[in-house]
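*Asks:*
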Amino acid sequence: MSMPDKPKSTLALDHFPPTREAGLARLAAFVPHAGSHYAKHRNTDFGPGGGVGVSGLSPYLRYRVLSESEVIRAVLDAHSLRQAEKFVQEVVWRTYFKGWLEMRPQVWQAYLAQRDDDQATLADNPKLRERYHAAIEGRTGIEGFDDWARDLTRVGYLHNHARMWFASIWIFTLKLPWALGADFFLNHLLDGDPASNTLSWRWVAGLQTQGKTYLARRDNIERFTQGRFSPQGLAQTAEAVEGPANPSPSTLPNRVTASEALTEPSVFVVHPDDLSIYSEIKNHPMVKAVVWVQGVAGAHPWPQSAHARSFVHGVIDDWAGLDDVVMAEPDADKINAVADLVGARQWVSMAPSVGPLADAFKTLADVGPKPLVLARRTYDHTLWPLATKGFFPFKKRVLEGDSLIEAMA
Ligand SMILES: Cc1cc2nc3c(=O)[nH]c(=O)nc-3n(C[C@H](O)[C@H](O)[C@H](O)COP(=O)(O)OP(=O)(O)OC[C@H]3O[C@@H](n4cnc5c(N)ncnc54)[C@H](O)[C@@H]3O)c2cc1C
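Here the numbering used here is used: the first residue of the sequence shown is 21, the next is one more, and so on.
1. State yes or no: is the C-beta of Ala32 within less than 9 Å of the C-beta of Arg124?
2. Answer yes or no: do Phe192 and Ala236 have a C-beta to C-beta separation smaller than 9 Å?
3. Rounded to whole angstroms, how far is the Cβ of Gln126 from the Cβ of Pro267, which I believe are closer than 8 Å?
4. Apply the 10 Å Cβ neighbour rule to Thr271 and answer buried if 16 or more other Cβ atoms are within range, or exposed otherwise.
5. Rounded to whole angstroms, what is the Cα-Cα separation between Arg40 and Arg82?
6. Just list the beta strand (DSSP E) runs in the region 314 to 361, keeping only unbroken ones of 3 residues or longer that don't cross its boundaries, in chain order.
7. Can we count Asp211 as close to ligand 1, meaning its CB is less than 8 Å from some heavy atom?
8. Is the region 391 to 410 close to the region 276 to 295, with three or more CB pairs under 8 Å?
9. Measuring alpha carbon to alpha carbon, tell me which residue in Leu377, Trp312, Thr402, Trp339 is nearest Val276.
10. Taking only the alpha-carbon atoms, compute the straight-line gap between Ala54 and Asp422 and give it to the nearest angstrom.
11. My output table needs one value for Val310: the three-state DSSP class, helix, strand or coil.
12. Alpha carbon to alpha carbon, what distance is there between Phe186 and Ala255?
13. Between Met428 and ligand 1, is the CB less than 8 Å from at least one heavy atom?
14. Assuming Asn356 and Lys390 form a contact by the criterion Cβ under 8 Å, report the distance between their Cβ atoms to the nearest whole angstrom.
15. Please state whether DSSP places Ser423 in a helix, a strand or coil.
16. Per DSSP, Ala395 is paired with what?
17. Does the pairing of the region 230 to 247 with the region 357 to 367 give three or more beta-carbon distances under 8 Å?
18. For Tyr177, which residues of its own chain have a beta-carbon under 8 Å away from its beta-carbon, when the five flanking residues on both sides are left out?
19. State yes or no: is the C-beta of Met370 within less than 9 Å of the C-beta of His304?
20. Name the one or two DSSP bridge partners that Phe288 has.
21. Consider the C-beta atom of Met184 and the heavy atoms of ligand 1; say whether any pair is separated by less than 8 Å.
22. Looking only at its chain, what residues have a beta carbon closer than 6 Å to the beta carbon of Ala328, apart from the 5 residues adjacent to it on each side?
23. For Leu7, count the other beta carbons within 10 Å of its own beta carbon; 16 or more makes it buried, fewer makes it exposed. Which is it?
24. Between the Cα of Gly410 and the Cα atoms of Leu44, Leu121, Thr64, Val74, which residue gives the shortest distance?
25. Cβ of Gly76 within 8 Å of any heavy atom in ligand 1?
26. Within this structure, are the beta carbons of Lys106 and Arg46 separated by less than 9 Å?
27. How big is the Cα-Cα spacing for Trp339 and Asp293?
28. For a test of the three-state rule: what should DSSP assign to Asp203, helix, strand or coil?
29. Quick one: what does DSSP say Thr141 is sitting in, helix, strand or coil?
30. Do Leu101 and Leu406 have their CB atoms nearer than 9 Å?
31. Please state whether DSSP places Asn180 in a helix, a strand or coil.
32. Does the distance from the C-beta atom of Lys308 to that of Pro285 stay below 9 Å?
33. Terminal residues of the continuous alpha helix (DSSP H) containing Tyr116?
34. Would you tell me roughly how many angstroms separate the C-alpha atoms of Val74 and Lys415, rounded to the nearest one?
35. In whole angstroms, give me the CA-to-CA distance for Ser325 and Asn207.
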C-alpha cells in the first residue's frame, strides 16, 4: 500500500526522532534523572529541544507513541513515588487536562469559535494585526519572547516555563487575544494538544482557575533562563480575561477496553491520539487488518502543526507493518473495503479525545454498515472521571489513593 507524501520538518525531527525506539531510548536515558534531579532542575529552561532538567518526552506522550502508564511504570521501577513525585505529578497534569476537557467538550468548541472571531477582528484592525505579526515573527523587541517565537516555529518545542512566560507576555504585555496565542502554539508545537494547550492558555489568562492569572516577571525569567534573558517593560499587573463560568462536568460514555472489544473479526483503526495501542493489538487473533489514520488532512479547521504532521507520519512510516493500510484521514468507504477484503465484521478504534479527530470520527460512526466500536484504556477510564474540580483535589486522589495503581493495572 503506498504511503502519502510526508512533509519535512527537519530541525524538529532532529530533536525528536519520530520512532517508538527513539521515544523508548529517551525514556531510558531520562529515568535515572526522574527523581531529585528533575525536582531540582525542572523549572530551568536551558534552551531549545528539552532535556537536561526535563524529559523532552511530550511529543511521544502526546501521540501515545509511549503511553502514560509505561512512562510512569518505568520511572517507578527506578524510584519510589516519593522520590519521583514531581515528575509523576506533571504526567498526571496531562491526564487531568485530558479528563477535564473530555467532560466539557464545549470548552474546545468555544475556543475554536473565539479564535475565529479574533481572526476576523484581526482582518479589520491593522494596528492589532501589526502587533500580532510582530509577535509571531519574533520582532517585538522583547528579549526572550522573540527568541521563543522563533524557537517555536523552528523546533516546535518550548520548555514549560517559556510557554508560561510567552503566554503571559502575549496576553498581558502585548494585549493580544489569548485564543490567537493558543492557535499560534497549536500551529507550531510538536506536542500540540487540544486539552493541554487550550486549558494552559486559559489558565494563564485567568479563565481556567477563574480570576487567577499568571504574570511573567523579569527576575523570574532571568533566574530560570540562567541569565540568558532579562526582558524590560513587561506588564506589572495581570487582570483576568473575562469569560463565562466553567461548565459542569458531563458523564463520560461507558467504553470497553480494546481487548474487550475484540470479540469478533475486526479491522483495528489506529490514529494519532493513541499510536502505541498498535503494540497491544497487532498480534490479537481477532485483528484481521490494521488501518493507520494519519490525522484529518484537509479538514477545516485543522489546528495541527507541520512539525506534528511530520512527526506522526514519521512514526507511522517507521512502525506500520507491510500489510497495514495507511490513510491520510479517516475514510469510511476505504475502511469498509478493507473490512470486506479480510472478512471483518466490525471496526474497532480507541475513542479519539476531544479535538478534530473526535469530530471526524463522529461522522464515521454513522456510516455503517459495519459497526464502529470505540474503546478506552483502563488508565483513562479510571482517571479522567476524577477531573471534576481543580488539579489539586485530582492529584490528591490520584497520588494518595489507589487510583493510579488501578489505572495502570
Ligand atoms: C501555554 C502552555 C501551552 C502548553 N501546551 C501544551 C501542549 O500543547 N501539549 C503538551 O503536551 N503540553 C503543553 N503544555 C504543558 C507543558 O509545557 C509541556 O507538556 C512540557 O513543557 C513538555 O516538556 P517535557 O516533556 O520535557 O516535560 P516534563 O517536565 O518532562 O514532563 C513530562 C510530561 O508530563 C506532561 N506535562 C508536563 N507539564 C505539563 C503541564 N503543565 N500540563 C500538562 N502536561 C504536562 C507532558 O506530557 C510531559 O511530556 C503547555 C503549557 C503551557 C504553559
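A virtual CB, placed ideally from N, CA and C, is assigned to each residue, including glycine.
*Replies:* Looking at the atomic coordinates:
1. Locating residue 32 in the sequence shown gives position 12, counting from the first residue. Locating residue 124 in the sequence shown gives position 104, counting from the first residue. Against a cut-off of 9 Å, the Cβ pair of Arg124 and Ala32 comes out as no contact.
2. Numbered from its first residue, the sequence shown carries residue 192 at position 172. Numbered from its first residue, the sequence shown carries residue 236 at position 216. Their beta carbons are under 9 Å apart, which means Phe192 touches Ala236 by this criterion.
3. Residue 126 sits at position 106 when you count from the first residue of the sequence shown. Residue 267 sits at position 247 when you count from the first residue of the sequence shown. About 6 Å separates the two Cβ atoms, so the contact holds.
4. What you label residue 271 is simply residue 251 of the sequence shown in a count that begins at 1. Exposed is the call here.
5. What you label residue 40 is simply residue 20 of the sequence shown in a count that begins at 1. What you label residue 82 is simply residue 62 of the sequence shown in a count that begins at 1. Between Arg40 and Arg82, the C-alpha separation is close to 13 Å.
6. Segments of the beta strand (DSSP E) lying fully in the region 314 to 361: 345 to 347.
7. If you number the sequence shown from 1, residue 211 lands on position 191. Asp211: yes, Cβ under 8 Å from ligand 1.
8. yes
9. As a working mapping, residue 276 is identified with position 256 in the sequence shown. Of the candidates Leu377, Trp312, Thr402, Trp339, the one whose C-alpha sits nearest the C-alpha of Val276 is Thr402.
10. Numbered from its first residue, the sequence shown carries residue 54 at position 34. Numbered from its first residue, the sequence shown carries residue 422 at position 402. Roughly 22 Å between the two C-alpha positions.
11. What you label residue 310 is simply residue 290 of the sequence shown in a count that begins at 1. DSSP places Val310 in strand when its eight states are reduced to three.
12. As a position in the sequence shown, residue 255 is number 235, starting the count at 1. As a position in the sequence shown, residue 186 is number 166, starting the count at 1. Approximately 12 Å between the Cα atoms of the pair.
13. The residue labelled residue 428 in the question sits at position 408 within the sequence shown. False, no ligand heavy atom lies under 8 Å from that Cβ.
14. What you label residue 356 is simply residue 336 of the sequence shown in a count that begins at 1. What you label residue 390 is simply residue 370 of the sequence shown in a count that begins at 1. Yes, they are in contact, since the Cβ atoms of Asn356 and Lys390 sit about 6 Å apart, within 8 Å.
15. Position 403 of the sequence shown holds residue 423. Reduced to three states, the DSSP call for Ser423 is helix.
16. Within the sequence shown, the letter at position 375 stands for residue 395. Val276, Met370.
17. No, the region 230 to 247 does not touch the region 357 to 367.
18. Walking along the sequence shown from the start, residue 177 turns up at place 157. The residues are Ala32, His35, Phe36, Pro68, Gly69, Gly70, Gly76, Ser78, Pro79, Asp171, Leu209, Leu210, Asp211.
19. Position 350 of the sequence shown, counting from 1, holds the residue named residue 370. Position 284 of the sequence shown, counting from 1, holds the residue named residue 304. Contact: no.
20. To locate residue 288, count along the sequence shown from 1; it is residue 268. According to DSSP, Phe288 bridges with Val310, Val368.
21. The residue given as residue 184 occupies position 164 in the sequence shown. Checking the Cβ of Met184 against ligand 1 gives yes.
22. Position 308 of the sequence shown, counted from the first residue, corresponds to residue 328. Excluding positions up to five away in sequence, the list reads Leu210, Gly212.
23. Residue 7 is absent from the model: the chain starts at 21 and stops at 429.
24. Numbered from 1 along the sequence shown, position 390 holds the residue referred to as residue 410. The candidate whose alpha carbon is nearest that of Gly410 is Leu121.
25. The sequence position of residue 76 within the sequence shown is 56, counting from 1. Under cutoff, so the answer is yes.
26. As a first step, residue 106 is located in the sequence shown; it is residue number 86 there, counting from the start. As a first step, residue 46 is located in the sequence shown; it is residue number 26 there, counting from the start. Not a contact, by the Cβ cut-off of 9 Å.
27. Reading the sequence shown from its first residue, position 319 is the one you call residue 339. Reading the sequence shown from its first residue, position 273 is the one you call residue 293. Near 15 Å, if we compare the C-alpha coordinates of Asp293 and Trp339.
28. For this step, residue 203 is matched to residue 183 along the sequence shown. Looking at Asp203 - three-state DSSP - the assignment turns out to be helix.
29. Along the sequence shown, one-based indexing puts residue 141 at 121. Under the three-state reduction of DSSP output, Thr141 falls in the helix class.
30. Position 81 of the sequence shown, counted from the first residue, corresponds to residue 101. Position 386 of the sequence shown, counted from the first residue, corresponds to residue 406. Taking 9 Å as the Cβ cut-off, Leu101 and Leu406 do not qualify as a contacting pair.
31. Walking along the sequence shown from the start, residue 180 turns up at place 160. Here Asn180 sits in helix by DSSP.
32. Start at 1 with the first residue of the sequence shown, and residue 308 comes out as number 288. Start at 1 with the first residue of the sequence shown, and residue 285 comes out as number 265. Yes; because the gap between Cβ atoms is below 9 Å, this pair is in contact.
33. Sequence index remark: in the sequence shown, residue 116 carries index 96 (1-based). From DSSP, the alpha helix (DSSP H) with Tyr116 extends over 105 to 122.
34. Counting from 1 along the sequence shown, the entry for residue 74 is found at position 54. Counting from 1 along the sequence shown, the entry for residue 415 is found at position 395. When rounded, the distance between both Cα atoms is 20 Å.
35. As a working note, residue 325 is residue 305 in the sequence shown. As a working note, residue 207 is residue 187 in the sequence shown. Taking the straight line joining both Cα atoms gives about 4 Å.
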